[in-house]
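So the sequence lines, in the order shown, correspond to chains A and B.
Last residue of the first sequence: 780 (the numbering used here), numbering continuous.
Last residue of the second sequence: 780 (the numbering used here), numbering continuous.
All residues carry an ideal CB built from backbone N, CA and C; glycine is no exception.
These numbers come from a predicted model, not from an experiment.
Report on the structure given below.
Number of protein chains: 2
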Amino acid sequence: MISVLSTPTRLVTNQVDPLHELEEHLIRNQCAIERWFRCQWQTTPPPFYGSVDLRNAGFKLAPIDTNLFPAGFNNLNPEHEALHITAIQHYLDQYHPSLQRLLLLPENHTRNLYYLENVARLAELLREAGLELRIASWMLEEAHTHELPSGERLLIEPLRRVGARLQVDDFDPQMILLNNDLSGGVPEILQGLEQTLLPPLAAGWQTRRKSQHFAHYRRLAVDFAEVVDIDPWLIDPFFRRCTEINFLQAEGLDCLVTNVDAVIAEIAERYRHYGIDARPFVIVKADAGTYGMGVMTAYSGTELRELNRKARTRMAKSKEGLPVSDVFIQEGVYTFERTPEDFVAEPVVYLLGQQVLGGFYRVHREKGEDESLNAPGAHFEPMAFAEPGINPCRKSAPDAPINRHYAYGVIARLALLAAAREAEDWAKAGR
Amino acid sequence: MISVLSTPTRLVTNQVDPLHELEEHLIRNQCAIERWFRCQWQTTPPPFYGSVDLRNAGFKLAPIDTNLFPAGFNNLNPEHEALHITAIQHYLDQYHPSLQRLLLLPENHTRNLYYLENVARLAELLREAGLELRIASWMLEEAHTHELPSGERLLIEPLRRVGARLQVDDFDPQMILLNNDLSGGVPEILQGLEQTLLPPLAAGWQTRRKSQHFAHYRRLAVDFAEVVDIDPWLIDPFFRRCTEINFLQAEGLDCLVTNVDAVIAEIAERYRHYGIDARPFVIVKADAGTYGMGVMTAYSGTELRELNRKARTRMAKSKEGLPVSDVFIQEGVYTFERTPEDFVAEPVVYLLGQQVLGGFYRVHREKGEDESLNAPGAHFEPMAFAEPGINPCRKSAPDAPINRHYAYGVIARLALLAAAREAEDWAKAGR
């Protein structure tokens with residue numbers, strides 16, 4: 350069963366004035382915002398899907414990660430199912446009207462039941478939207494039906510390649526949907542296909558870079574801030590990047606120390622400007638990669654120099670063993686949102702094409718407000734949004750759930766637009 | 350308050366086998382159907398909105414009227430609001446991305462509170478979707494705020510023309526949305542505008558013809574029937590047309606008698622073919638016009654010859670006094686659907702762009718299953734659909750509400766597509 354958060358979260362900070370101002374600006378400028386997005390999507394088509402991790406510090410609301418292989422469809426509010434189905438239908442209407450047969454390639458770690466529930470839910474929505482869908486894996490020798498805790502049954506079949514096409518049995522799909530982030534690299538079976546892949550192979554973490562994403566996001570945030578008349582910092586985290594870092598050998602740490610301190614100084618200047626009484630911090634993570642591995646919080650550059658061997662080993666490897674060499678230093682954004690039970694909560698917004706689908710809170714019983722909550726486990730609990738966030742309500746307070754989730758949807762769309770700009774770069778580079 | 354029909358309607362006929370077969374065909378062929386529609390909308394863009402009156406006889410499911418100025422947005426299920434808002438957003442994404450300022454022109458009969466509730470609801474949805482909207486009338490000298498039974502307040506302002514543009518105060522809309530069917534003709538103030546009108550002026554009943562609509566529908570029904578492998582008659586009512594009829598002077602009645610009998614004979618042949626034990630009938634109505642005026646049921650041509658003066662007077666005039674001269678003779682389709690309280694019910698499906706929004710049943714406490722139910726009044730009661738009808742469910746019975754409403758949505762889309770083809774004709778004719 351999916352938990353829906355019916356009692357609103359609350360912000361445990363008294364520094365909410367700038368955010369209320371931001372939310373008011375977003376609500377008041379809804380018409381201009383919607384038109385701006387519509388025009389942006391005309392020139393930069395959206396990715397098929399995505400999820401955006403947001404942090405809400407009361408004084409600031411910003412994306413910290415944009416995932417092009419979202420893996421939490423099972424955590425969305427089932428009451429908004431019609432919205433999810435029609436979002437798929439509209440994407441097809443607009444971008445792939447003649448598509449009928451789709452092949453879904455999920456991650457291969459088939460023992461993660463939470464993940465398989467996501468695949469089952471995504472598959473159900475795609476079928477309900479009117480697509481013929483099969484699900485396959487290149488790691489399987491024979492078909493396997495998973496019995497899931499929800500009661501769903503999920504059939505995953507072996508993938509085969511015939512010439513330049515992927516097939517499953519006699520099913521010849523027109524297009525391939527990846528729900529596998531290719532952290533382990535692009536397997537040969539996916540290379541040189543004549544079928545279109547959604548998203549393209551370049552969206553995999555072997556080529557994708559957070560710094561490229563947030564560079565696009567920065568430019569968009571500046572443009573968008575002009576539309577709604579705000580300081581772009583209120584929606585945009587500072588960042589810097591260091592290359593050729595080897596944590597295990599302790600190489601390149603000077604760059605890290607310098608840049609962590611530089612970002613901290615930039616944050617401190619903004620905190621002083623807004624009279625914010627909070628301690629600046631940064632998040633240090635791989636420039637390529639996902640999954641909460643190799644992520645750390647730091648309050649100063651010296652902390653990086655003083656990492657012990659255990660901490661350096663943890664930072665050295667990210668998911669599926671990609672060695673970390675390029676490091677992304679991102680302004681830490683506090684998450685001052687808490688559930689009624691007082692656990693720290695971080696919103697995750699789901700999108701399909703240009704459409705916000707709603708989202709859920711990552712609720713972590715053992716993490717603090719300055720830590721990444723993207724660490725699934727026993728203390729991780731998703732709580733679906735009660736409101737999908739597709740429109741504000743001028744009659745309600747700026748921080749009412751309908752308005753707060755609209756603000757989340759706007760910022761998430763801005764992040765998805767940045768990902769769409771990345772895709773343009775990949776296309777230009779012929780990837 | 351809007352009533353939602355939570356207990357399904359039932360079909361009071363034992364002749365449901367062909368319909369179950371039709372519903373099964375639609376459910377089984379969902380993927381092909383959805384793809385077919387997507388490809389159709391690529392070449393023929395949908396109207397902004399529409400509503401389709403359907404009749405469900407158990408053995409047959411067919412549209413009997415397609416309205417391009419739908420007036421029952423207040424009767425839709427408010428639980429599906431997110432779907433209604435995103436349908437508008439998707440229409441804008443796809444067809445008018447840069448639109449921000451819209452002017453709505455409703456009907457001028459401002460004393461009909463039911464109608465004004467519709468305008469208020471439509472306006473709210475358009476604003477929630479992110480449009481700046483004003484509402485105006487060319488019959489008003491000064492702005493007037495209506496206090497509606499629902500508690501909503503509806504401001505209608507005087508329309509003014511500045512050169513080739515319509516304006517309200519200093520509000521200069523980029524586009525005009527008509528919710529006025531122009532039965533009284535096209536007023537001068539709407540002629541020769543540089544702003545785009547949705548739908549175009551030619552959609553008004555002064556130029557639009559039911560026979561043209563159903564001729565397009567027939568061709569589409571034949572194509573569609575091939576996609577789902579059914580007899581097109583199961584979804585398409587026979588029709589014929591007579592011109593130069595003057596009911597008051599009893600002129601042209603021979604044509605009516607001959608064609609009514611011909612349609613009855615065609616129906617009788619199909620009834621025999623399917624072993625249907627029901628009496629064929631036709632509906633005689635104006636080829637141009639709306640509103641249940643000048644509509645009659647007939648079981649034979651002789652009934653037309655024997656109309657008394659009162660009946661002929663009733664047929665002679667339609668809404669806003671357009672004289673009836675072209676007459677549309679349509680196969681009567683029984684509505685064998687009944688509410689749990691045993692009243693006759695007729696489904697009306699609402700659409701926005703290519704998206705089904707759901708719909709409602711017209712429930713009439715005093716009408717029979719062979720009569721038009723489109724006669725608002727004390728005994729008229731709308732009951733919103735519980736399911737929006739955007740997707741079938743293979744796990745449910747073919748006649749479960751989710752599947753029945755999917756079938757309604759499919760047939761309604763086919764009728765809207767016919768209206769889109771009409772619009773192509775108008776565009777070619779330079780109207």
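Span of the alpha helix (DSSP H) around residue i
{"i": "F852 of chain A", "result": "There is no way to answer for residue 852 of chain A, as the model of chain A reaches only from 350 to 780."}
{"i": "K777 of chain B", "result": "P750 to K777"}
{"i": "I437 of chain A", "result": "E430 to Y444"}
{"i": "D572 of chain A", "result": "K559 to V577"}
{"i": "T662 of chain A", "result": "R658 to A665"}
{"i": "R743 of chain B", "result": "Taken as a continuous stretch (DSSP letters only), R743 of chain B belongs to no alpha helix (DSSP H), as it is neither H nor E."}
{"i": "L480 of chain A", "result": "Looking at the DSSP string, L480 of chain A is not in any alpha helix (DSSP H), and its letter there is neither H nor E."}
{"i": "L653 of chain A", "result": "G650 to R654"}
Beta-carbon contacts of residue i that lie in its chain and below 6 Å, excluding the five residues immediately before and after
{"i": "Y398 of chain A", "result": "P419 and L701"}
{"i": "N423 of chain A", "result": "E466, N467 and R470"}
{"i": "D675 of chain A", "result": "T592 and D636"}
{"i": "L547 of chain A", "result": "F397 and L526"}
{"i": "R654 of chain A", "result": "L602 and V606"}
{"i": "V705 of chain B", "result": "G738, I739 and G758"}
{"i": "N457 of chain A", "result": "S486 and M488"}
{"i": "A727 of chain B", "result": "The predicted model places A727 of chain B with a pLDDT of 49, which falls under 50 and marks its position as unreliable, so this point remains unresolved."}
{"i": "F692 of chain B", "result": "V712 and R714"}
Cβ neighbours of residue i in the same chain (closer than 7 Å, five flanking residues each side left out)
{"i": "L766 of chain A", "result": "Q389, T393 and L569"}
{"i": "H369 of chain A", "result": "P747 and D748"}
{"i": "A768 of chain B", "result": "P396, G399, T415, L417 and H562"}
{"i": "V631 of chain A", "result": "V609, V612, I613, A647, I678, Q679, E680 and G681"}
{"i": "H374 of chain A", "result": "V577, D578 and I579"}
{"i": "A513 of chain A", "result": "G541, L542 and E543"}
{"i": "E720 of chain B", "result": "T646"}
{"i": "E490 of chain B", "result": "P507"}
{"i": "Y444 of chain A", "result": "P394"}
Own chain, CB closer than 8 Å to residue i, minus 5 neighbours either side, in chain order
{"i": "A749 of chain A", "result": "P357 and C742"}
{"i": "L475 of chain B", "result": "I437, L451, L453, L482 and L526"}
{"i": "A381 of chain B", "result": "V576 and V577"}
{"i": "A472 of chain A", "result": "L453, L482, I484 and L503"}
{"i": "H429 of chain A", "result": "L706, G707 and P737"}
{"i": "L448 of chain A", "result": "L441, L480, Q523 and M524"}
{"i": "R557 of chain A", "result": "L417, A551, A637 and E771"}
Segment limits, beta strand (DSSP E) that includes residue i
{"i": "A472 of chain B", "result": "Run containing A472 of chain B: none in the beta strand (DSSP E); it sits in the alpha helix (DSSP H), L462 to E477."}
{"i": "A321 of chain B", "result": "Since the displayed chain B opens at 350 and closes at 780, residue 321 of chain B lies outside it and no answer follows."}
{"i": "D414 of chain B", "result": "L410 to N416"}
{"i": "L354 of chain A", "result": "No beta strand (DSSP E) holds L354 of chain A; DSSP gives it neither H nor E."}
{"i": "T450 of chain A", "result": "The identity of residue 450 of chain A in the sequence shown is Arg, whereas the question assumes Thr. Looking at the DSSP string, the run of the beta strand (DSSP E) that includes R450 of chain A is R450 to P455."}
{"i": "L515 of chain B", "result": "R514 to Q516"}
{"i": "E506 of chain A", "result": "R502 to P507"}
{"i": "E702 of chain A", "result": "Here the sequence assigns Gly to residue 702 of chain A, which means Glu is not the residue at that position. Per DSSP, G702 of chain A belongs to no beta strand (DSSP E) and is neither H nor E."}
{"i": "N528 of chain B", "result": "M524 to N528"}
{"i": "A802 of chain B", "result": "Only positions 350 to 780 of chain B appear in this structure, which leaves residue 802 of chain B out of reach."}
Closer than 8 Å at the beta carbon, the chain A residues around residue i
{"i": "R770 of chain B", "result": "Chain A residues near R770 of chain B: none, gap ~18 Å exceeds 8 Å."}
Neighbour list for residue i in chain B, Cβ cutoff strictly below 7 Å
{"i": "I751 of chain A", "result": "Here the premise fails: no neighbours, minimum Cβ distance about 10 Å."}
Chain-ordered neighbours of residue i on chain B, where CB pairs are closer than 8 Å
{"i": "P446 of chain A", "result": "R384, R387, C388, W390 and Q391"}
{"i": "Q379 of chain A", "result": "G479"}
Chain-ordered chain A contacts of residue i [CB-CB under 9 Å]
{"i": "I525 of chain B", "result": "Within chain A, no residue comes near I525 of chain B; the closest Cβ sits about 17 Å away, beyond 9 Å."}
{"i": "P737 of chain B", "result": "A431 and T435"}
{"i": "Q544 of chain B", "result": "Near Q544 of chain B there are no residues of chain A at all, since even the closest Cβ is about 17 Å away, more than 9 Å."}
{"i": "N326 of chain B", "result": "Because chain B here runs from 350 to 780, residue 326 of chain B falls outside it and cannot be looked at."}
Residue i: CB within 6 Å of a non-hydrogen atom of the ligand GDP
{"i": "Y683 of chain B", "result": "This structure simply doesn't include the ligand GDP, nor any ligand for that matter."}
Chain A residues whose Cβ lies nearer than 7 Å to that of residue i
{"i": "Q703 of chain B", "result": "D442"}
Short of 8 Å Cβ to Cβ, which residues in the segment 476 to 493 of chain B face chain A? Per Cβ criterion, the list reads E477, A478, G479, L480 and E481.
Which residues, in chain order, does the segment 426 to 439 of chain B contribute to contact with chain A at a C-beta distance below 8 Å? H429, A431, L432, I434, T435, A436, Q438 and H439
Given a limit of 9 Å on CB to CB distance, which residues of the segment 514 to 540 of chain A reach chain B? none
Ordered list of alpha helix (DSSP H) runs contained in the segment 367 to 398 of chain A, each at least 4 residues: 379 to 392
Could you tell me which whole alpha helix (DSSP H) segments of length 4 or greater appear in the segment 588 to 638 of chain A? DSSP runs (the alpha helix (DSSP H)) wholly in the segment 588 to 638 of chain A: 602 to 623.
May I ask you to list, following chain order, the residues of the segment 548 to 571 of chain B that have a beta carbon less than 9 Å from some beta carbon of chain A? none
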